[in-house]
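To keep things clear, I will list the structure first and then write my remarks on it.
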């Protein structure tokens, strides 16, 4: 505040000085005021549009009709006194505090000119952007700027419906986020509709669009790893749906709220809201797939809470309903399919960990051939299922996240099968290649809550293939996953990471009395994993935790002996 106050006083002095300098001073002052309309370098084409007739009263009287020579004189003099940066392409930039000062002054003293100028920029950018059928993020950047200028011009409903929904998101296609992974850009656009992020929207929007914007804000915040910030708008959107009895949107919002609560470790709350989503689906006239999605979200919450049989029943019910309404794609797919496969691989995953523990000095107990055979069949079935849904996803050109999740499921099924087979020829090359594709895809999708899932699986593979520490190793994957989960916060993922660290690195022998464990200790990781699992009711991991503690205690007993 002190710095901006001092800078603003300097800008005020400049402003008075320019006002006394006649026509040249007025032109210079007008150029600086134009920069107050932008939060970044002002593109030349936008500056040209502002200088076009008709005059914007109170802003461009001294610039309309100005020839290139006179324009260059004005900008060069501003550059000479270090108030302006003239870029090679003709764009103009200035210090952010200078832009902020003239933005505030113009908005406060010439509000009509302020809105008219932003409207002109909105119309110019909307009309001149030709994004095409498969635009890149660079191609649609002018549309994001059009959203910002249109909202400042007071055209919020038009901007939301005509630019953000139709041209950026492309309605249900959700092109910008699902195809381009442009979560940050989308969140920036959504922020333009808020007076106070992320609780108070600006006026001029329909009630339904207000709900959608609250939900969108929460979705993008969650995708960017800002889970705590996402909870307020998510719950606000759900409450609005319930109060207005908009059951169709209530199904969607309750499901999203449950997903977010699960990410935040609020397992009991997630179960309640998932159950609400299922009940709202019974009141809604909305699409059948929303009710199917609600059943899947409920199933996933049950799974994480440790109610495996009930979870599987809900998944099966959802898939049966899907087959009835979508004959071309009768298997649960996308995120729904990933969650179902996650449950189907649960037993095989646990058995694989038990086998790895028994390869050391402390066996975890006999594993019957019949159980291993059953788990191998589960891996094969899940691999076949993920291969089919991956073909659908690639053929239909769906979101990069869906494709990456199918690849991750194939990685897991292959990894577990290799471990279960206990073959001396297992080299994990196929699983490793799948893992690299999955992690790359998850990075491109830019969904921070999903990336650690790929990193954990790859860390396991890297340990098995000898790349344990250093750059591009199991340790680096676990550390990256930790940073994302800690920032979220994502306590269930943190519990998983503690378990992975203890199981993958806890069996190493100390060298020369010095610990080689990369973190505090395996015992500390197991203790923290138990604390998180018990605190959040993450009972899905109870059996794996018990196995890991048993293996650790056996190793410690043998080391003592």
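Numbering (our numbering), first residue to last: 1164 to 1724.
C-beta atoms are modelled at their ideal positions from N, C-alpha and C, and glycine is treated no differently.
Checklist entry - Can you tell me where the alpha helix (DSSP H) with residue 1668 in it begins and where it stops? => result Looking up residue 1668 in the chain shown gives position 505. Going by DSSP, residue 1668 is part of the alpha helix (DSSP H) stretching over 1654-1668.
Next on the checklist: Please report the distance separating the alpha-carbon of residue 1340 from that of residue 1556.
Outcome noted: To locate residue 1340, count along the chain shown from 1; it is residue 177. To locate residue 1556, count along the chain shown from 1; it is residue 393. For residue 1340 and residue 1556, the distance between alpha carbons rounds to 16 angstroms.
Checklist entry - What do you get for residue 1720, buried or exposed, if any count of 16 or more other CB atoms within 10 angstroms of its CB means buried? => result Position 557 of the chain shown, counted from the first residue, corresponds to residue 1720. Classification for residue 1720: exposed.
Next on the checklist: Do residue 1289 and residue 1257 have their beta-carbon atoms positioned less than 8 angstroms apart in this structure?
Outcome noted: Position 94 of the chain shown holds residue 1257. Position 126 of the chain shown holds residue 1289. Cβ atoms of residue 1257 and residue 1289: not closer than 8 angstroms.
Item to check | Coil, strand or helix - residue 1244 by DSSP | outcome: Here the question's residue 1244 lines up with position 81 in the chain shown. Coil, per DSSP.
Checklist entry - Closest to residue 1204 by CA distance: which of 1633, 1255, 1608 is it? => result Position 41 of the chain shown, counted from the first residue, corresponds to residue 1204. For residue 1204, the closest of 1633, 1255, 1608 by C-alpha to C-alpha distance is 1255.
Checklist entry - Helix, strand or coil: how does DSSP classify residue 1358 here? => result In the chain shown, residue 1358 corresponds to position 195, counting from 1. The DSSP-derived three-state label of residue 1358 is strand.
Checklist entry - Where does residue 1428 land, buried or exposed, given buried means 16+ other C-beta within 10 angstroms? => result Translated into the one-based positions of the chain shown, residue 1428 becomes position 265. Answer is buried; the Cβ neighbour count reaches 16.
Item to check | Three-state class that DSSP yields for residue 1249 in the structure shown | outcome: Taking the first residue of the chain shown as position 1, residue 1249 is located at position 86. Assigned with DSSP and collapsed to three states, residue 1249 falls in strand.
Item to check | Beta carbon of residue 1571 nearer than 8 angstroms to that of residue 1608 | outcome: In the chain shown, counting from the first residue as 1, residue 1571 sits at position 408. In the chain shown, counting from the first residue as 1, residue 1608 sits at position 445. Not in contact: residue 1571 and residue 1608 (Cβ atoms no closer than 8 angstroms).
Item to check | Complete runs of the alpha helix (DSSP H) confined to the region 1567-1638 [at least 4 residues] | outcome: Assignment of alpha helix (DSSP H) within the region 1567-1638, counting only whole runs of 4 or more residues, yields 1592-1608, 1614-1627 in chain order.
Item to check | Delimiting residues of the alpha helix (DSSP H) encompassing residue 1188 | outcome: As a position in the chain shown, residue 1188 is number 25, starting the count at 1. Run containing residue 1188: 1185-1198, per the alpha helix (DSSP H) assignment.
Checklist entry - Alpha carbon to alpha carbon, what distance is there between residue 1546 and residue 1576? => result Start at 1 with the first residue of the chain shown, and residue 1576 comes out as number 413. Start at 1 with the first residue of the chain shown, and residue 1546 comes out as number 383. Between residue 1576 and residue 1546, the C-alpha separation is close to 6 angstroms.
Checklist entry - Contact between the region 1438-1451 and the region 1649-1666: three or more CB pairs below 8 angstroms? => result Counting Cβ pairs under 8 angstroms, fewer than three are found: no touch.
Checklist entry - So is residue 1370 buried or exposed if we call it buried at 16+ other beta carbons inside 10 Å? => result Start at 1 with the first residue of the chain shown, and residue 1370 comes out as number 207. Exposed.
Checklist entry - How big is the Cα-Cα spacing for residue 1316 and residue 1367? => result Taking the chain shown and counting its residues from 1, one reaches residue 1316 at position 153. Taking the chain shown and counting its residues from 1, one reaches residue 1367 at position 204. Just so you know, the alpha carbons of residue 1316 and residue 1367 end up roughly 11 angstroms apart.
Checklist entry - Looking at the unbroken alpha helix (DSSP H) that takes in residue 1308, where does it start and where does it end? => result Mapped onto the chain shown, residue 1308 falls at position 145. Unbroken alpha helix (DSSP H) run through residue 1308: 1300-1315.
Checklist entry - Between residue 1332 and the rest of its own chain, which residues show a CB-CB distance below 7 angstroms, the 5 nearest in sequence each way excluded? => result The residue labelled residue 1332 in the question sits at position 169 within the chain shown. Its chain contains 1338, 1339 as the residues whose beta carbon lies nearer than 7 angstroms to that of residue 1332, once the 5 sequence neighbours on both sides are disregarded; these appear in chain order.
Next on the checklist: Along the chain, where does the alpha helix (DSSP H) containing residue 1214 start, and where does it finish?
Outcome noted: Taking the first residue of the chain shown as 1, we reach residue 1214 at position 51. Residues 1207-1214.
Item to check | Close beta carbons around residue 1164, own chain, < 6 angstroms, minus the five adjacent residues each side | outcome: Position 1 of the chain shown, counted from the start, is the residue given in the question as residue 1164. The pLDDT assigned to residue 1164 is 48, lower than 50, so where the model puts this residue is not dependable; a value taken from the coordinates is nonetheless given after this. Taking C-beta separations shorter than 6 angstroms and ignoring five residues to either side along the sequence, residue 1164 has no partners in its chain.
Checklist entry - Three or more beta-carbon pairs under 8 angstroms between the region 1290-1308 and the region 1180-1198, yes or no? => result By the criterion of at least three beta-carbon pairs nearer than 8 angstroms, the region 1290-1308 is not in contact with the region 1180-1198.
Checklist entry - Roughly how many whole angstroms lie between the Cα atoms of residue 1482 and residue 1544? => result The residue labelled residue 1482 in the question sits at position 319 within the chain shown. The residue labelled residue 1544 in the question sits at position 381 within the chain shown. Residue 1482 and residue 1544 have their C-alpha atoms some 16 angstroms from each other.
Next on the checklist: Only counting the same chain, and skipping five residues up and downstream in sequence, which positions put a Cβ closer than 7 angstroms to that of residue 1541?
Outcome noted: On the chain shown, residue 1541 is found 378 positions in, with the first residue counted as 1. Answer for residue 1541: 1507, 1508, 1510, 1511, listed in chain order.
Checklist entry - Leaving out the 5 sequence neighbours to the left and right, which residues in its chain are closer than 6 angstroms to residue 1170 when beta-carbon positions are compared? => result Along the chain shown, one-based indexing puts residue 1170 at 7. Exclusion of the five residues before and after residue 1170 leaves 1260 as the residues of its chain whose Cβ lies within less than 6 angstroms of its Cβ.
Checklist entry - Count the other CB atoms within 10 Å of the CB of residue 1381; is the residue buried (16 or more) or exposed (fewer)? => result Within the chain shown, numbered from 1, the residue matching residue 1381 stands at position 218. That one is buried.
Checklist entry - Do you know how far the Cα of residue 1643 is from the Cα of residue 1634? => result For the purposes of this step, residue 1634 is taken as residue 471 along the chain shown, with counting starting at 1. For the purposes of this step, residue 1643 is taken as residue 480 along the chain shown, with counting starting at 1. C-alpha separation (whole angstroms): 11 angstroms.
Item to check | Rounded straight-line distance, which links the Cα of residue 1696 to that of residue 1469 | outcome: One-based indexing of the chain shown puts residue 1469 at position 306. One-based indexing of the chain shown puts residue 1696 at position 533. Taking the straight line joining both Cα atoms gives about 11 angstroms.
Item to check | Coil, strand or helix - residue 1202 by DSSP | outcome: Looking up residue 1202 in the chain shown gives position 39. DSSP, reduced to helix, strand and coil, places residue 1202 outside both helices and strands of the structure shown, so it counts as coil.
Checklist entry - Using DSSP with H/G/I as helix, E/B as strand and the rest coil, what is residue 1363? => result Locating residue 1363 in the chain shown gives position 200, counting from the first residue. It is a strand residue.
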